[in-house]
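Asks:
Residue numbers (the working numbering), protein chains in the order written: chain Y, 150 to 357; chain B, -5 to 521.
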């Protein structure tokens, strides 16, 4: 944990130095040298780079304090002998963090709703071990609910993936849904709930 | 009695069927969010923030979305107690103190007593805080109306100073967290000079400040879920509770007899702790527990199932959540991470938070305040009536809840920002929050700082422009702002309080060093 504490503080210190460097940047048209904008201007008021630069100076000092305290073993994490991430923690990152990453990555290709469905199916079936029926029901009903809520009710256009998927699936589906009575949407919503309840009952039946 | 008639009007509007329904739905969602371990009021409000557009467009009023969000906040304060008592794990950080005595009561087979005490104490705490709020808010807003740039910057300084002085976390880490939030808020353009700045790697996504929601959902949605998965390894066992009308009546009687002291301490203390920007409901409930234990004639019962020990933190967390609304509504400074989300909600609804809200938008402010009373009332009824339902819902496995939160976070960020870049940023913030959280970095300061960053920078720079670069404008009451020899006391008073708070940890350190040296010297004598 102590090593991790020091490494993290060094990373934060580097970040603050980078942002200090970046906030001194001048647009090419101004012709001023770097860091011309971090002090007070002719009118006595601070210029554009003043705020981020000095904020990062404070951040750098704090990061150095954290490093010193960690080296001297003064902070609780640096006194702990536990590893920063044990097997369980790494497992969480690999089994959960990576799939979330993949879900966001896939959103641009197969649309957000299909990416969601895959993620839900993976999580409930492989991590939750909830059985095929309940997992399939969840990963079908939840994205459908969200589609009805975000795309139809709230008229927010969430990512639809590549053209082929958008044209063949979402455009006809959107037209169909928008022609519907809004009361029917409520019926669909309740139907989804019924499917979920039924699926969870099926599972309990099988378990018994 | 101008305030009372405004309040009465507000309550009447909040009682309109549409608002009542919204209030009810909000409370139920809040109860659920609060009761589920790993989800608290912040997560609930942040993930559901995008729905306010939908509520606004379907009701046509600005107040309705705020009523919804505030109802979630209240509901969550009630709900946290349920899992603290039944599972022994706090449903939200605000209910940590409730486990100390609520869990022992449940293990003794008196779970229904603990649940009823929690609900009633919450109700009383919330109601007392609402009365305080109604009394304090308008005069505070009046004073704040006269605030100029220097006063507002001094207030912002005070908000950050309370984190450093009273936050209780590692100070260097708190400061780093604040600074991360401030940097995120300053990305894109220099608001005064109009020049581009901090546009990292020339990405288009960095040409505007990072949206608060992106950070909040990243930290409280993705990061918090990962952290909960990492820390809760084993499953816990649920206590049994049998609920009947007779038992509830009996438990209510016991609450009045044995819990009045904790309830009153919690209600009063919670409100004032809640007002402080750094504090909010979690430290409020812990402090209320400590104080009622210290002053109780039956100290030995605490920790073993004292009714006072359940009542005090529950009254305090409800009271503090109302207290946290006070600076949010009157000054535009959130008193807790959840109110920071509510503040963002105000901005998204095109309302300008701050003292002008009370004078310019009474038709918004008073129905919302009225709804505080109503949602408190709904929450206690729903809580008592649906205890069996919530117990059933608590059996929902975390392996179903967690993926739903991940999915909702992704969709929620995109719906609010229309940008895949922000979804990616949300993911990286979540991962970063998880890594920092393990090393005890507090993340609430970052969430507040990203909200306050823009106004802090603007007021600092405009004040300095006014004073020709002298910091005396914040600290010297005789500083001649107008050139006419006027004195301004408000900014210096706030400014110096902030300075004292910033130096408080240093004083403590010196005192501890002294105490250690004296203890060492005495030890030497004895030796």
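Heads up, the beta-carbon is just placed ideally off N, CA and C, and yes, glycines get one too.
Keep in mind that this is a model prediction, so the values were computed, not measured.
Please report how far the alpha carbon of residue 262/B lies from the alpha carbon of residue 316/B, in whole angstroms.
Replies: Locating residue 262/B in the second chain gives position 268, counting from the first residue. Locating residue 316/B in the second chain gives position 322, counting from the first residue. Near 11 Å, if we compare the C-alpha coordinates of residue 316/B and residue 262/B.
Asks: Could you compute how far the alpha carbon of residue 366/B sits from the alpha carbon of residue 154/Y?
Replies: Working through the second chain from its first residue, we reach residue 366/B at position 372. Working through the first chain from its first residue, we reach residue 154/Y at position 5. Their Cα atoms are separated by approximately 43 Å.
Asks: Can you grab the Cα-Cα spacing for the pair residue 233/Y / residue 180/B, in whole Å?
Replies: As a first step, residue 233/Y is located in the first chain; it is residue number 84 there, counting from the start. As a first step, residue 180/B is located in the second chain; it is residue number 186 there, counting from the start. In a straight line, the C-alpha of residue 233/Y is about 32 Å away from that of residue 180/B.
Asks: Does the beta carbon of residue 168/Y sit closer than 7 Å to a beta carbon anywhere in chain B?
Replies: By 1-based counting over the first chain, the position of residue 168/Y is 19. By this cut-off, residue 168/Y is an interface position.
Asks: What is the DSSP secondary structure of residue 191/B, reduced to helix, strand or coil?
Replies: Working through the second chain from its first residue, we reach residue 191/B at position 197. DSSP places residue 191/B in strand when its eight states are reduced to three.
Asks: Do residue 311/B and residue 53/B have their CB atoms nearer than 7 Å?
Replies: By 1-based counting over the second chain, the position of residue 311/B is 317. By 1-based counting over the second chain, the position of residue 53/B is 59. No, the pair does not count as a contact, with Cβ atoms beyond the cut-off.
Asks: What are the residues of the region 151 to 173 of chain B that lie near chain Y, defined by any Cβ-Cβ distance shorter than 7 Å?
Replies: Listed in sequence order: 164, 166, 167, 169, 170, 173.
Asks: For residue 198/Y and residue 173/Y, which I take to be in contact (beta-carbon distance under 8 Å), what is that distance rounded to the nearest angstrom?
Replies: Residue 198/Y sits at position 49 when you count from the first residue of the first chain. Residue 173/Y sits at position 24 when you count from the first residue of the first chain. With a Cβ gap of about 6 Å, residue 198/Y and residue 173/Y count as contacting.
Asks: At a CB-CB cut-off below 7 Å, which residues of chain Y make contact with residue 529/B?
Replies: Within the shown structure, residues of chain B are numbered from -5 to 521, placing residue 529/B beyond reach of any answer.
Asks: In angstroms, rounded to a whole number, what distance separates the CA positions of residue 382/B and residue 313/B?
Replies: Walking along the second chain from the start, residue 382/B turns up at place 388. Walking along the second chain from the start, residue 313/B turns up at place 319. Each residue's CA atom was taken as its position, placing residue 382/B and residue 313/B some 26 Å apart.
Asks: May I ask you to list the residues that DSSP assigns as paired with residue 182/B?
Replies: Counted from its first residue, the second chain places residue 182/B at position 188. The beta-bridge partner set that DSSP reports for residue 182/B consists of 191/B.
Asks: Does the ligand NAP have a heavy atom nearer than 6 Å to the CB of residue 353/B?
Replies: Only the bare structure without any ligand can be found here, which leaves the ligand NAP out of the picture.
Asks: Can you check whether the C-beta of residue 411/B is within less than 7 Å of a C-beta belonging to chain Y?
Replies: Position 417 of the second chain, counting from 1, holds the residue named residue 411/B. False, the Cβ-Cβ gap to chain Y never drops below 7 Å.
Asks: Any beta carbon of chain B sitting closer than 7 Å to that of residue 266/Y?
Replies: Numbered from 1 along the first chain, position 117 holds the residue referred to as residue 266/Y. Not closer than 7 Å to any Cβ of chain B, the Cβ of residue 266/Y fails to qualify, so no.
Asks: Would DSSP call residue 132/B helix, strand or coil?
Replies: For the purposes of this step, residue 132/B is taken as residue 138 along the second chain, with counting starting at 1. The DSSP-derived three-state label of residue 132/B is helix.
Asks: In the DSSP assignment, find the alpha helix (DSSP H) that holds residue 416/B and state where it starts and stops.
Replies: As a working note, residue 416/B is residue 422 in the second chain. Note, residue 416/B: alpha helix (DSSP H), 414 to 432.
Asks: Just how far apart, CA to CA, sit residue 482/B and residue 461/B?
Replies: One-based indexing of the second chain puts residue 482/B at position 488. One-based indexing of the second chain puts residue 461/B at position 467. Looking at the two C-alpha atoms, the distance is approximately 13 Å.
Asks: So the alpha helix (DSSP H) residue 39/B belongs to, where does it begin and stop?
Replies: Along the second chain, read from residue 1 onward, the residue named residue 39/B stands at position 45. It spans 35 to 42 - the alpha helix (DSSP H) in which residue 39/B sits, taken as one unbroken run.
Asks: Inspect the beta-carbon positions of residue 439/B and residue 35/B and report whether they are closer than 7 Å.
Replies: Mapped onto the second chain, residue 439/B falls at position 445. Mapped onto the second chain, residue 35/B falls at position 41. The answer is no: Cβ separation not under 7 Å.
Asks: Could you give the first and the last residue of the continuous alpha helix (DSSP H) run that contains residue 357/B?
Replies: Along the second chain, one-based indexing puts residue 357/B at 363. Looking at the DSSP string, the run of the alpha helix (DSSP H) that includes residue 357/B is 356 to 379.
Asks: With distance defined between alpha-carbon atoms, name the residue in 350/B, 116/B, 156/B nearest to residue 142/B.
Replies: For the purposes of this step, residue 142/B is taken as residue 148 along the second chain, with counting starting at 1. Of the listed residues, the one whose Cα sits closest to residue 142/B is 350/B.
Asks: Consult DSSP for residue 482/B and reduce its assignment to one of helix, strand or coil.
Replies: The count along the second chain starts at 1 and reaches residue 482/B at position 488. Residue 482/B falls in the coil class under three-state DSSP.
Asks: Quick check: the Cα distance between residue 86/B and residue 398/B, rounded to an integer number of angstroms?
Replies: Indexing the second chain from 1 puts residue 86/B at position 92. Indexing the second chain from 1 puts residue 398/B at position 404. Distance between the alpha carbons of residue 86/B and residue 398/B is about 18 Å.
Asks: How far does the alpha helix (DSSP H) with residue 46/B in it reach, from first residue to last?
Replies: What you label residue 46/B is simply residue 52 of the second chain in a count that begins at 1. It spans 45 to 53 - the alpha helix (DSSP H) in which residue 46/B sits, taken as one unbroken run.
Asks: Can you look up residue 195/Y in the DSSP assignment and give me helix, strand or coil?
Replies: Counting from 1 along the first chain, the entry for residue 195/Y is found at position 46. DSSP places residue 195/Y in strand when its eight states are reduced to three.
Asks: Between the region 452 to 480 of chain B and chain Y, which residues of the former have a C-beta closer than 7 Å to a C-beta of the latter?
Replies: Under the 7 Å Cβ criterion, the region 452 to 480 of chain B contributes 455, 458, 459, 462, 463.
Asks: In chain order, what residues of the region 33 to 65 of chain B put their CB closer than 7 Å to some CB of chain Y?
Replies: Answer in chain order: 47, 48.
Asks: Checking contacts by CB at 7 Å: is residue 408/B closer than that to chain Y?
Replies: If you number the second chain from 1, residue 408/B lands on position 414. It does; some Cβ of chain Y falls within 7 Å.
Asks: Measuring alpha carbon to alpha carbon, tell me which of 156/B, 111/B, 27/B ends up nearest residue 495/B.
Replies: Start at 1 with the first residue of the second chain, and residue 495/B comes out as number 501. Answer by Cα proximity: 156/B.
Asks: Using a Cβ cut-off of 8 Å, which residues of the region 219 to 248 of chain Y contact any Cβ in chain B, in chain order?
Replies: 224, 225, 226, 233, 234, 237, 238, 241, 242, 245, 246
Asks: Work out the CA separation of residue 167/B and residue 49/B for me, nearest whole Å.
Replies: Here residue 49/B is taken as the residue at index 55 of the second chain, counted from 1. Here residue 167/B is taken as the residue at index 173 of the second chain, counted from 1. Between residue 49/B and residue 167/B, the alpha-carbon positions lie close to 38 Å from each other.
Asks: Between the alpha carbons of residue 484/B and residue 453/B, how many angstroms are there, rounded?
Replies: If you number the second chain from 1, residue 484/B lands on position 490. If you number the second chain from 1, residue 453/B lands on position 459. So the alpha carbons of these two residues sit roughly 15 Å apart.
Asks: Let's test the definition: count the other Cβ atoms within 10 Å of the Cβ of residue 346/B and tell me whether it reaches 16, buried, or not, exposed.
Replies: Here residue 346/B is taken as the residue at index 352 of the second chain, counted from 1. Exposed: under 16 other Cβ atoms inside 10 Å.
Asks: Find the residues of chain B that neighbour residue 214/Y, judging by a C-beta separation of less than 7 Å, and give them in chain order.
Replies: Sequence index remark: in the first chain, residue 214/Y carries index 65 (1-based). Near residue 214/Y (Cβ distances below 7 Å), the residues of chain B are 166.
Asks: Since I believe residue 260/B is in contact with residue 428/B (beta carbons under 8 Å), could you give me their beta-carbon distance rounded to a whole number of angstroms?
Replies: Locating residue 428/B in the second chain gives position 434, counting from the first residue. Locating residue 260/B in the second chain gives position 266, counting from the first residue. The pair is not a contact, with the Cβ atoms about 33 Å apart (cut-off 8 Å).
Asks: Are residue 27/B and residue 70/B close, meaning C-beta to C-beta below 7 Å?
Replies: As a first step, residue 27/B must be located in the second chain, where it is residue number 33. As a first step, residue 70/B must be located in the second chain, where it is residue number 76. Yes, these two residues count as a Cβ contact at 7 Å.
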